[in-house]
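Sequential numbering of the sequence shown, starting at 8, is according to the working numbering.
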Amino acid sequence: MNNTTLKYFKQQLPDLAGGYTLDVPDCETKLNQNENAWDWPAALKQEVFERVRDLSWNRYPPFHPDQFVAKVAHYIGADPEQVLVGNGSNELLYAIFVSTLERGRKVVIPQPTFTVYKLLADLLGAEVTTEGLNDELQYDADALAKASEDAAVVVLATPNNPTGSVIDPTDLEHLVNNSGALWVIDEAYFEFHGETAIELTKHCRNLVVLRTFSKAFATAGLRFGCMVAHPEAKPIFAAAKLPYNLNIFTMAAVETAIENAVTLKSRVEEIKRERERVARRLREYSGVSVYPTRANFVLFETEREPRELWKAMVARSVLIRDVSGYPRLGKALRVSIGRPEENDAFLKALEYAMTVVA
């Protein structure tokens, strides 16, 4: 850095300028961010509006929203003294990393995975190790055990984004119980998979589970997530969390979501059925290979140039995610599972794109 006005930045920051980026052209069919394709019913939105209308907007939210946290904890199957709530699970991931990582500390982040993990670790100057997924992009317990021997933190998304792979619960319990590292388990896609590590947090001080309401609950625009930790560890993580991080609108919406969980999550089984249908259709295309997935998206590879396929589909007003820039995914694209008609539009657009891209 030659400009003296920039010398106050940490040494590693200039190389990270721009941070998390996303190419989002305007398309009629949007299947690029693993969102729930079904919005809230109007009646439930109105219920949230009415709850917020009756609150005092000129006052801060509760400093300790104990009643709200208790409702969230009860719903996810944790004790209230274990739960921290945040403005999306990303905020809580940041609090975890700030509490544990610094220059000279090692963090295991198997690649490919959600890019925000490595971005935050790099911002804090940590040493990033990427072992943990085998040649089929499935979790390798032996590789994770070896990589974690001298690590401060291990971060696993299960199901993993963008591969859709999951870690075996028995393997995870063994790894956590035989490790001195903090294991951070991101369960953003839990509802499409059904297995959780929350119960382990009650006796494992070195385990943290992250959850989000963005996917199955269709609240991506409202930004809410929670963290489950051992009761002795939670207050330490809480020290890194900003006060008043949840607004009254989000809390009212989350309470409404929990009370109407059956309605809001009624599409999960349909999404899972559509996931299998889309994967099955993709396997019928010549030159396409599909990775097994337990999430609400499908990762696939083709023999054609992925960026050109992506552009050809955008030209047909269908937007998916080009993940070919991720480590080990040079030929890959990822499609979120949407409504049946959206999935059909994707399949038709891909079929067209494969005829025009060499």
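All residues carry an ideal CB built from backbone N, CA and C; glycine is no exception.
- Burial state of Y146 (16 or more Cβ within 10 Å): Along the sequence shown, one-based indexing puts residue 146 at 139. It is buried - the Cβ of Y146 has at least 16 other Cβ atoms within 10 Å.
- Query: Hey, out of E143, E88 and G228, whose CA is closest to E239's CA?
  - Reply: Position 232 of the sequence shown, counted from the first residue, corresponds to residue 239. Minimum Cα distance to E239 is reached at E88.
- Task: Would you mind stating whether V92 and V105 have Cβ atoms separated by less than 8 Å?
- Result: Residue numbering aside, residue 92 sits at position 85 when the sequence shown is read from its first letter. Residue numbering aside, residue 105 sits at position 98 when the sequence shown is read from its first letter. Contact: no.
- Message: Tell me which residues share the same chain as A128 and place their Cβ nearer than 7 Å to its Cβ, disregarding the 5 neighbours each side in the sequence.
- Response: Stepping through the sequence shown from its first residue, residue 128 is reached at position 121. Cβ within range, chain order: F104, L108, V114, I116 and V135.
- Item | Start-to-end residues for the alpha helix (DSSP H) that takes in W317 | In the sequence shown, residue 317 corresponds to position 310, counting from 1. Element bounds for W317: P313 to A322.
- C-alpha distance - M8 paired with K14, whole-angstrom precision: What you label residue 8 is simply residue 1 of the sequence shown in a count that begins at 1. What you label residue 14 is simply residue 7 of the sequence shown in a count that begins at 1. Any answer about M8 is weak, because its pLDDT of 44 lies below 50 and its placement is not dependable; what the coordinates show is given next. If you take the alpha carbons of M8 and K14, they lie about 7 Å apart.
- Message: Any contact between the stretch 305-313 and the stretch 339-359? By contact I mean 3 or more CB pairs, one from each, below 8 Å.
- Response: yes
- Query: Roughly how many angstroms lie between the CA atoms of L51 and L62, to the nearest whole one?
  - Reply: Position 44 of the sequence shown, counted from the first residue, corresponds to residue 51. Position 55 of the sequence shown, counted from the first residue, corresponds to residue 62. Going by the C-alpha atoms only, they are around 17 Å apart.
- To the nearest angstrom, how far is it from the Cα of A352 to the Cα of L126? Indexing the sequence shown from 1 puts residue 352 at position 345. Indexing the sequence shown from 1 puts residue 126 at position 119. Whole-angstrom Cα-Cα distance: 33 Å.
- Query: Nearest-angstrom Cα distance between D33 and L207?
  - Reply: Residue mapping note: residue 33 aligns to position 26 of the sequence shown, counting from 1. Residue mapping note: residue 207 aligns to position 200 of the sequence shown, counting from 1. Going by the C-alpha atoms only, they are around 43 Å apart.
- Query: Can you tell me the Cα-Cα spacing of H81 and G95, whole angstroms?
  - Reply: Within the sequence shown, residue 81 is the residue found at index 74, counting from 1. Within the sequence shown, residue 95 is the residue found at index 88, counting from 1. The alpha-carbon atoms of H81 and G95 are separated by roughly 19 Å.
- Message: Whole angstroms are fine: how far does the CA of G294 sit from the CA of L249?
- Response: Against the sequence shown, residue 249 aligns to sequence position 242. Against the sequence shown, residue 294 aligns to sequence position 287. Using only the alpha carbons, I get a separation of about 49 Å.
- Under three-state DSSP, which class holds M8? The sequence position of residue 8 within the sequence shown is 1, counting from 1. Reliability of the predicted coordinates at M8 is poor, the pLDDT of 44 falling under 50, and the value obtained from them is presented with this limitation in mind. Of the three classes helix, strand and coil, the one that applies to M8 here is coil, per DSSP.
- Message: Per DSSP, what are the beta-bridge partners of S186 in this structure?
- Response: Taking the first residue of the sequence shown as position 1, residue 186 is located at position 179. For S186, which the question treats as bridged, DSSP gives no partner whatsoever.
- Query: Using a threshold of 7 Å, is the CB atom of V216 nearer than that to any non-hydrogen atom of the ligand ADP?
  - Reply: You won't find the ligand ADP in this model; it holds no ligand whatsoever.
- Could you tell me how far apart the beta carbons of A225 and W45 are, in whole angstroms, since I believe they sit closer than 8 Å? Numbered from 1 along the sequence shown, position 218 holds the residue referred to as residue 225. Numbered from 1 along the sequence shown, position 38 holds the residue referred to as residue 45. That belief holds up - the Cβ atoms of A225 and W45 are roughly 6 Å apart, short of 8 Å.
- Message: Using CA atoms only, rank isn't needed, just tell me which of L144, Q40 and Q19 is closest to V297.
- Response: As a position in the sequence shown, residue 297 is number 290, starting the count at 1. Considering only alpha carbons, the answer is L144.
- Query: According to DSSP, is Y196 helix, strand or coil?
  - Reply: Counting from 1 along the sequence shown, the entry for residue 196 is found at position 189. Three-state DSSP puts Y196 in coil, outside helix and strand.
- Any idea if K222 is buried or exposed, counting beta-carbon neighbours within 10 angstroms, 16 or more meaning buried? Within the sequence shown, the letter at position 215 stands for residue 222. Classification of K222: buried, given that the 10 Å Cβ count is 16 or more.
- Query: From A302 to N39, what distance separates their C-alpha atoms?
  - Reply: Walking along the sequence shown from the start, residue 302 turns up at place 295. Walking along the sequence shown from the start, residue 39 turns up at place 32. Near 14 Å, if we compare the C-alpha coordinates of N39 and A302.
- Message: Just verifying my parser: in three-state terms, what is the DSSP assignment at S172?
- Response: For the purposes of this step, residue 172 is identified with residue 165 of the sequence shown, where counting begins at 1. Of the three classes helix, strand and coil, the one that applies to S172 here is coil, per DSSP.
- Query: For Y333, is the classification buried or exposed, using 16 other Cβ atoms within 10 angstroms of its Cβ as the cut-off for buried?
  - Reply: Taking the first residue of the sequence shown as 1, we reach residue 333 at position 326. That one is buried.
- Could you name the residues that DSSP lists as bridge partners for D30? Taking the sequence shown and counting its residues from 1, one reaches residue 30 at position 23. BP columns for D30 are empty, so no partner.
- Item | Candidates T170, P169, L140 and G171, of which the one nearest V161 by Cα | Position 154 of the sequence shown, counting from 1, holds the residue named residue 161. Answer by Cα proximity: L140.
- Which parts of the stretch 108-146 are runs of the beta strand (DSSP E), unbroken and 3 residues or longer, counting only runs that do not cross its ends? 113-115 and 134-136
- Message: Quick check on DSSP: helix, strand or coil for K272?
- Response: Taking the first residue of the sequence shown as 1, we reach residue 272 at position 265. In the structure shown, K272 sits in coil (DSSP, three-state: anything other than H, G, I, E or B).
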